[in-house]
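Chemist: Take a look at this one; I'll ask things after.
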Amino acid sequence: MKPLGIILLLITISTCAFFSTNEALNEAQCLQRIIWSPRQTFEADQIFDSAAVIDKDTEQVATLLSAKAQRALRRADKIKSLPGQPIGVDFAQYAGYITVNKAEGRELFYYLAESPKNSSSKPLIVWFNGGPGCSSLGYGAMEEVGPFRVNADGKTLSRFKYAWNNVANTLFLESPAGVGFTKAKVGHANGDIQTAKENYIFLVNWLERFPQYKKRELFLAGESYAGHYIPQLADLILSKNALKNITIINLKGAAIGNAYVNRLQNRRDQDEFLWNRDFITEEAYEAVKKDCEIFYRTDNFTLACLSSRLKAFTGDLDNYNIYAPICLKAPDGSPTKSDETQGIDPCIDDFVLNYMNLPEVKKAFHADPNIKWGPCNDNLVYTLRSNNSVPTIKKIVTKGLRVMLYSGDIDSVVPITNTKKAVKAMQLTVKKPWRPWNCNDQVLGGFVEEYEGLSLVTVRGAGHMVPSNQPLRAFTVITYFLEGKPLPEEKTNNKMKTLHIILLLITISTCAFFCTNEALNEADCLQKVIWSPRESVESDDLFDPSIEIDKETEQVANPLSAKAQEALRSADKIKSLPGQPRGVDFEQYAGYITVNNAEGRELFYYLVETPKNSSSKPLILWLNGGPGCSSLGYGAMVEVGPFRVNADGKTLSIFKYAWNNVANILFVESPAGVGFSKAKVGQINGDARTAKENYMFLVNWLERFPQYKNHKLFLAGESYAGHYIPQFADYILSMNELKSKTIINLKGAAIGNPYVNKLQNRQDQDEYLWRRDFVTDEAHEAVKKDCEIFYQTENFTLECFYARKKAFIGYLDYYNIYAPLCLNYNASSHSKTDETEQGIDPCIDYFTEHYINLPEVKKAFHADPNIEWVQCNEDLEYTSKDNTSIPTIKKIVTKGLRVMLYSGDIDSVVPLTNTIKSVKALQLPVKKPWRPWNCDDQLGGFVEEYEGLTLVTVGGFTVQHKGLVLVVKGAGHMRESIGFDLLFPPREAAN
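Numbering (numbering that gives the first Met the number 0), first residue to last: 0 to 990.
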């Protein structure tokens, strides 16, 4: 594994000593060498000129062979069958060599996969991978858009459902000479001009061998350094056609993914991208900007820049896809698969390498058996024509060629921001402004902006190799491009709440929160608090438990005998939950605790003990947010509990990473009126009452379960628990002080994506979506200008409303901006879609609600059978104590309580940036600065430790204060569904 700092920085010292290891480079590393090395060779930093390439070699390119001889060569190139390919392959395959320079022994290697149906009428795509120096056979064909994937055994293949040869015959070209199976004399230099020329010679000669494609529509496609290859080849083709006044090659368009186009600008944009994604602290980013400003604009590298980069960029990261796991190797060098693996295996490079070098595979491909195939040629000598291919792209667009630049939005090597800036630099006329596009009818695929002759497309949740990360979305993009159609627009579905409705209609009326009859979820309830200017606030003063302590809390414990309490505890014991799997080896309890007898207020709880040594394990009390959402439905059944409800809504499965593996977990449905908890209709809840009644619940619950009185207690939760938990903890500590003894043995508090500051949260939501490239620069500036007053006060304006409505578009899970949505759930026929990522099903809320309302489930939980259970009570009347809980958090930290704030970094509701700002506002001394931490040898995130508080990001970078904040990389608002390390300090990343 190569730390990000080494990947981006050692190349600035020596091009030859790119890495300190002997491992072969991959495509990302080859491109990074181009971007960051100050010693990169250039012919001249000038626009590629196709006229300078046209010479006698390109005047007479077609090999002088008869049609019969060409047919014989074509037949010889036909692949009978690839070793290990699955049964039922229904398309023709060819592979072989085309000579592009006989005198110098230069031959390019190709692999053609024809369409299974109507191949004679389908267009032809010629695919190029980047580097420069990387294989289109290994990456393009076997990992991205080809018909097969190499299995983990390195010997067999499986069919790839979203292969591009379903819509076009696809020709994978290994270029330049010296890459993959291609042939070139050792030490022969390559460069932009020679590559364009030889790619052209290849194509014209290949068309002689396959004359049936001469009049076929041809599209160039690829990624990365193909941002130079493709525009330059396209320009040469168009120039040759114009010179001869005939269509030699019927070129119709070009599609380039995460296109490398501008070397110097790319440096700056990489740094900005990682800061925007909260992988770098603000302080580190400012230092890098200052010390590397000269290197952003020139090749004048400084040691100050190197030092700042080494300090800023830490952690083992797949910089092609910042949320993907990396390939882990066993001691013998073989790849291993971990629980972090989702989608395409991160070790697929190793599988492909093994497969391609099998003698029988080389024979099937008609490749030279003496060539040791590698994904990239580390020793390729390559001379760039210029730093910038943007002028060449504009040139081919001006000549009438359709161009699409598509970009995965979680690639840090060629970030989406770099592509957007490149498009703006072309100064093309906008035909259709920025809008969302949909995949599979109702899933947000990304965003698109259409210009005269060019389309800019973002692909949500994809990295540099878009088809690998988001195959269906990539397939949708290429299908519509080939057909010359605009990407599909959103279809109205009243089950999905558009982002502008979620954020905006609540500013008009709390009651008319949505224009649908759909029940609110936890995110919706919190948004109602954040955005409604009419939200009730008792006073914007610090929560003070001393005001709430009264006679009721002086004598809270029910005056029942130990025997009576034991009888209640026995009655609460769950024999078995309906549909639970066999082998459950832990105790479960559920029932009610009265917190106000006069008003009929009872809180419902669900306790799951640890399978082993429960008597010595700590107790976690879990609270979900809203306010008004269920800890049973979310916390227990979706996040940290021992079970997951299956899609049938009737059965359960074991959750491997349930927190009751390390602690006894008590889920409390609070405040009264939430879930199965009881309250009379119309009773008003609020921060003060909730803290008081949570305290009364806990003291009475400990009478029923006296064995837990001396156990260490931790409070945990998420979202609006950023108010619940600090206030509850302050109440407990104050009562302990008042009685001069430990009534409740509270040891710590952990809050995920904590809602702590209402007004600041508004501004941070808007900034977050802009920094993630879901909102344009222009729209963001308009929102900032028109909503500035509403960021600071409750004075809402219509200008703010309309600016938001224009900016925030697209159907989105705003709790996890890269997650799929639940579409048309039906308990009897639900099945996961191709958009459903491995992991939690996006329809799990529906499974859970169906399950918990089964009569036999209510009976097993000892719940009131007359209560219709819902995830969130949207009719709950709730009065916030104040707009911010930051002073309360600081107060409990000062009192000696360990606090951790953890935050998923792809949550737009309570963004990580908001949590970081909250921690800074506490003004605590830093004990250990920002650093990466590891989970199962993968980058878990970042952590910074303060006195009394810990800030952690999981799957990204975080700041850890002693006991305060945890942020999870690649996790959304409900990150417990993904994360597990809560009770224990994150382990430092290995050097």
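For every residue, glycine included, the Cβ atom is placed at its ideal position computed from N, Cα and C. From a predicted model like this one, the values you see are computed outputs, not experimental measurements.
Going by C-alpha to C-alpha distance, which of TYR801, ILE816, ASN663 sits closest to LEU443?
Modeler: Reading the sequence shown from its first residue, position 444 is the one you call residue 443. That would be ILE816, whose Cα lies nearest to the Cα of LEU443.
Chemist: Around the C-beta of VAL892, are 16 or more other C-beta atoms found within 10 angstroms, so that it is buried, or is it exposed?
Modeler: Taking the first residue of the sequence shown as 1, we reach residue 892 at position 893. With 16 or more Cβ atoms within 10 Å of its Cβ, VAL892 is classed as buried.
Chemist: With which residues is PHE603 paired in a DSSP beta bridge?
Modeler: Taking the sequence shown and counting its residues from 1, one reaches residue 603 at position 604. In the DSSP output, where bridge partners are listed per residue, PHE603 has TYR591, GLU668.
Chemist: Three Cβ pairs or more, each shorter than 8 Å: is that satisfied between the region 150-159 and the region 247-263?
Modeler: Flag = no, the region 150-159 and the region 247-263 do not touch.
Chemist: In the DSSP assignment, what are the bridge partners of PHE642?
Modeler: Within the sequence shown, numbered from 1, the residue matching residue 642 stands at position 643. Note: PHE642 sits in a beta bridge opposite ILE653.
Chemist: List the residues that DSSP assigns as beta-bridge partners of PRO910.
Modeler: Your numbering for residue 910 matches position 911 in the sequence shown. PRO910 is not bridged to any residue.
Chemist: In the structure shown, what three-state DSSP assignment does VAL840 receive?
Modeler: Position 841 of the sequence shown, counted from the first residue, corresponds to residue 840. Going by the sequence as given, residue 840 is Asp instead of Val. ASP840 falls in the coil class under three-state DSSP.
Chemist: Name the residue from ARG703, SER118, MET695, LEU123 whose alpha carbon lies nearest to the alpha carbon of GLN564.
Modeler: Here residue 564 corresponds to residue number 565 of the sequence shown, with the count starting at 1. Checking every option, the nearest Cα to that of GLN564 belongs to ARG703.
Chemist: Rounded to whole angstroms, what is the Cα-Cα separation between ASN320 and HIS463?
Modeler: As a working mapping, residue 320 is identified with position 321 in the sequence shown. As a working mapping, residue 463 is identified with position 464 in the sequence shown. If I take the Cα positions, the gap works out to 6 Å.
Chemist: Measuring CA to CA, which of GLY132, PRO470, VAL528, THR775 is closest to ALA183?
Modeler: Mapped onto the sequence shown, residue 183 falls at position 184. Out of GLY132, PRO470, VAL528, THR775, GLY132 has the C-alpha closest to the C-alpha of ALA183.
Chemist: Which value, in whole angstroms, describes the spacing of the CA atoms of LEU768 and LEU559?
Modeler: Position 769 of the sequence shown, counted from the first residue, corresponds to residue 768. Position 560 of the sequence shown, counted from the first residue, corresponds to residue 559. Approximately 54 Å, taken between the alpha carbons.
Chemist: Do the CB positions of PHE127 and SER174 come within less than 8 Å of each other?
Modeler: Position 128 of the sequence shown, counted from the start, is the residue given in the question as residue 127. Position 175 of the sequence shown, counted from the start, is the residue given in the question as residue 174. It is a contact, given that the beta carbons lie within the stated cut-off.
Chemist: Using a 10 Å radius around the Cβ and a threshold of 16 neighbouring Cβ atoms, would you call LEU302 buried or exposed?
Modeler: Walking along the sequence shown from the start, residue 302 turns up at place 303. That one is exposed.
Chemist: With a threshold of 7 Å on Cβ separation, who are the neighbours of ILE97 within its own chain once the five nearest residues in sequence on each side are excluded?
Modeler: Reading the sequence shown from its first residue, position 98 is the one you call residue 97. Contacts found: GLU106, LEU107, TYR109, PHE201, ASN204, TRP205.
Chemist: Where do the ends of the alpha helix (DSSP H) carrying LEU72 lie?
Modeler: In the sequence shown, counting from the first residue as 1, residue 72 sits at position 73. Looking at the DSSP string, the run of the alpha helix (DSSP H) that includes LEU72 is 66-76.
Chemist: Let me confirm a value: VAL680 is counted as buried when at least 16 other C-beta atoms fall within 10 Å, else exposed. Which label applies?
Modeler: One-based indexing of the sequence shown puts residue 680 at position 681. Exposed: under 16 other Cβ atoms inside 10 Å.
Chemist: So is ILE619 buried or exposed if we call it buried at 16+ other beta carbons inside 10 Å?
Modeler: Numbered from its first residue, the sequence shown carries residue 619 at position 620. By the neighbour-count rule (16 or more Cβ atoms within 10 Å), ILE619 is buried.
Chemist: Rounded to the nearest angstrom, what separates VAL144 and VAL125 at their Cα positions?
Modeler: Counted from its first residue, the sequence shown places residue 144 at position 145. Counted from its first residue, the sequence shown places residue 125 at position 126. Roughly 11 Å between the two C-alpha positions.
Chemist: If I measure Cβ to Cβ from LEU263 and keep anything under 7 Å in the same chain, skipping five residues before and after, which residues do I get?
Modeler: As a first step, residue 263 must be located in the sequence shown, where it is residue number 264. Around LEU263: TYR295, ARG296, ASN386.
Chemist: State yes or no: is the beta carbon of ALA473 nearer than 8 Å to at least one beta carbon in chain B?
Modeler: Given the protein chain composition of this structure (a single chain), no chain B is represented.
Chemist: Taking just the CA atoms, how far does LYS121 sit from GLY87?
Modeler: Here residue 87 refers to the residue found at position 88 of the sequence shown. Here residue 121 refers to the residue found at position 122 of the sequence shown. Spanning the two alpha carbons is a distance of roughly 21 Å.
Chemist: Which term fits ALA671, buried or exposed, when burial requires 16 or more other beta carbons within 10 angstroms of its beta carbon?
Modeler: To locate residue 671, count along the sequence shown from 1; it is residue 672. Buried.
Chemist: What does the Cβ neighbour count give for ASN865, buried or exposed, with the cut at 16 atoms within 10 Å?
Modeler: Numbered from 1 along the sequence shown, position 866 holds the residue referred to as residue 865. With fewer than 16 Cβ atoms within 10 Å of its Cβ, ASN865 is classed as exposed.
Chemist: Which residues does DSSP list as the beta-bridge partners of GLN92?
Modeler: In the sequence shown, counting from the first residue as 1, residue 92 sits at position 93. Answer is ILE78, ALA112.
Chemist: Please report the distance separating the alpha-carbon of ALA862 from that of MET695.
Modeler: Position 863 of the sequence shown, counting from 1, holds the residue named residue 862. Position 696 of the sequence shown, counting from 1, holds the residue named residue 695. The alpha-carbon atoms of ALA862 and MET695 are separated by roughly 20 Å.
Chemist: Quick check on VAL429: buried or exposed, where buried means 16 or more other Cβ atoms within 10 Å of its Cβ?
Modeler: The residue you call residue 429 lines up with position 430 of the sequence shown. Classification of VAL429: exposed, given that the 10 Å Cβ count is below 16.
Chemist: Spell out a yes or no on whether the region 633-647 and the region 842-849 are touching, meaning 3 or more CB-CB pairs, one atom from each, closer than 8 Å.
Modeler: They touch, by the three-pair rule.
Chemist: Along the chain, where does the alpha helix (DSSP H) containing GLU780 start, and where does it finish?
Modeler: Taking the first residue of the sequence shown as 1, we reach residue 780 at position 781. Element bounds for GLU780: 776-791.
Chemist: In chain order, which beta strand (DSSP E) runs of at least 3 residues are fully inside the region 674-737?
Modeler: You should have 683-685, 712-717.
Chemist: Tell me the DSSP secondary structure of THR98 in three-state form.
Modeler: Locating residue 98 in the sequence shown gives position 99, counting from the first residue. Residue state, collapsed to three classes: strand.
Chemist: For a test of the three-state rule: what should DSSP assign to THR609, helix, strand or coil?
Modeler: Locating residue 609 in the sequence shown gives position 610, counting from the first residue. THR609 falls in the coil class under three-state DSSP.
Chemist: How would you write the range of the alpha helix (DSSP H) that TRP868 sits in, first residue to last?
Modeler: Here the question's residue 868 lines up with position 869 in the sequence shown. No alpha helix (DSSP H) contains TRP868, which DSSP labels as neither H nor E.
Chemist: Once you ignore the five residues that flank ALA424 on each side, which residues in its own chain have a CB closer than 7 Å to its CB?
Modeler: Numbered from 1 along the sequence shown, position 425 holds the residue referred to as residue 424. Contacts found: VAL389.
Chemist: Apart from the five residues on each side of it in sequence, which residues of its chain come closer than 7 Å, Cβ to Cβ, to GLY137?
Modeler: Against the sequence shown, residue 137 aligns to sequence position 138. Hits under 7 Å: GLY179, VAL351, MET355, PRO374.
Chemist: Along the chain, where does the alpha helix (DSSP H) containing SER879 start, and where does it finish?
Modeler: Residue 879 sits at position 880 when you count from the first residue of the sequence shown. Note, SER879: premise wrong, no alpha helix (DSSP H); not H, not E.
Chemist: Can you confirm whether the region 406-413 touches the region 364-384 when touching is taken to mean that 3 or more C-beta pairs between the two stretches lie within less than 8 Å?
Modeler: Not touching, per the Cβ criterion.
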